[in-house]
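*Asks:* Residue numbers for the sequence shown follow the working numbering, so the first one is 38 and each next one is one higher.
Here it is: the structure, laid out below.
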Amino acid sequence: MHITVAPASTKAGQATIEALLADSAGPTVTGVYRNLSRVPAQFSSNPNFKATQGDVQDGASLDFSGADAVLAITPPQFHESDIVADARKMSENVKAAAQKAGIKRLVLLSSVGAELEKGTGEILTNHTAEQVFEGTAPEVVYVRCAYFMENWMMSLETVRQEPPFFYTTITPLDFKVPMVAVKDIGSTLAVQLLATGSAPPAHPHVVAKEWAEMSACFLPGGIIEADVSRTEGVVRGKTTLHEAVKEMYNLPPPPA
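Next up, the structure:
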């Protein structure tokens, strides 16, 4: 089986490639990079991996020939005035390349709340991507992720300051937010990519001015406030928040 990841330079793309190359099925993987200097050494040295130059912003640069499955990622844009239109453009470029290659399955990295048409801020880019990719291949799977644990990296910068303090847009402080680590997202995406040829699930997996709206939409009373007791259709990550923060901050283990 051959799998293409576009783009491959994102954290989720890298975690997925790591999981695929470690899988006993031995799939071959192509990573699409705008800048080939960003290819990790552990990938370029693996005989089952190939890097190719391409940009999801430029449809003419994308070639998915030979791929059985494609992982599509719409990376966040911080320089565009209309981020939803930009997400549509990137998705349409990937869709065209996927259909030209005749792939069997497309897996999209999406977000909790992507099923909603308004009120979610930047998450509307995922809603748009899901709409665009509908019918791209015989099998289309949307993996809707919860809040990334690695998002706390921004808050850790303030912990290192003097005096240290913890910055968060999530309030109140005891509000429970479903979270997942990037490595677990990568593992889940790899499972879905390797399942090419099998019937996709009946329901998508849920494993979290525009940026401010997105931050508020999952807080108490927000439009996508999650029910943390929900279990049906949820893929639970194995990494704890302590483990994720420890990797980011190199903290000692908790006392026994």
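We treat Cβ as the ideally placed atom computed from N, Cα and C, and that holds for glycine.
1) Between the Cα of L153 and those of L108, C254, G258, T195, spot the shortest distance and give me the residue it belongs to.
2) Considering just the uninterrupted stretch of the alpha helix (DSSP H) at N222, what are its terminal residues?
3) Could you check where the alpha helix (DSSP H) with H164 kicks off and where it finishes?
4) State the start and end residues of the unbroken alpha helix (DSSP H) segment that holds I120.
5) Quick check: the Cα distance between P257 and L73, rounded to an integer number of angstroms?
6) Could you check if N287 is buried or exposed, using at least 16 other CB atoms within 10 Å of its CB as the buried criterion?
7) How far does the beta strand (DSSP E) with I54 in it extend, from its first residue to its last?
8) Per DSSP, what kind of secondary structure is S82 in: helix, strand or coil?
9) Under DSSP, the beta strand (DSSP E) around S147 begins and ends at which residues?
10) Excluding sequence positions up to five away, which residues of its chain have a Cβ less than 8 Å from the Cβ of S128?
11) By the three-class DSSP mapping on this structure, what secondary structure does G96 have?
12) I'd like to check one pair, A138 with S98: are the Cβ atoms closer than 8 Å?
13) Taking all protein chains shown into account, decide if M216 is buried (16 or more other Cβ within 10 angstroms of its Cβ) or exposed.
14) How do the segment 77-91 and the segment 45-56 stand: do at least 3 beta-carbon pairs fall below 8 Å, yes or no?
15) What does the alpha-carbon distance come out to for the pair D221 and I207?
16) Starting from L108, trace the beta strand (DSSP E) both ways and give me its first and last residue.
17) Measuring from the CB of A134, is there a heavy atom of the ligand ZN at a distance below 7 Å?
18) Once you ignore the five residues that flank M38 on each side, which residues in its own chain have a CB closer than 8 Å to its CB?
19) Between T195 and Y184, which are expected to be in contact by the criterion C-beta below 8 Å, what is the C-beta distance as a whole number of angstroms?
20) Thinking M251 and I120 are a contact (beta carbons under 8 Å), I'd like their distance in whole angstroms, please.
21) Near N83, which residues of its chain fall below 6 Å by C-beta distance, leaving aside the five closest residues on each side in sequence?
*Replies:* On the basis of the supplied data:
1) C254
2) The question names Asn, but residue 222 is Ile in the sequence shown. Its alpha helix (DSSP H) spans residues 219-231.
3) 161-170
4) 120-138
5) 43 Å
6) Answer is exposed; the Cβ neighbour count stays below 16.
7) Note, I54: premise wrong, no beta strand (DSSP E); alpha helix (DSSP H) at 48-59.
8) coil
9) 142-148
10) So the list reads A109, T111, T165, A166, V169, F170, once near-sequence residues are dropped.
11) Helix, per DSSP.
12) no
13) buried
14) Put simply, the segment 77-91 touches the segment 45-56. At least three CB pairs are less than 8 Å apart.
15) 22 Å
16) 106-109
17) No copy of the ligand ZN appears in this structure; indeed no ligand is present at all.
18) A62, P64, T65, D105, A106, L231, T233
19) With 8 Å as the limit, T195 and Y184 do not qualify as a contact, their Cβ atoms being about 18 Å apart.
20) In fact, because the Cβ distance is near 11 Å, the residues do not count as touching under 8 Å.
21) Cβ within range, chain order: L58.
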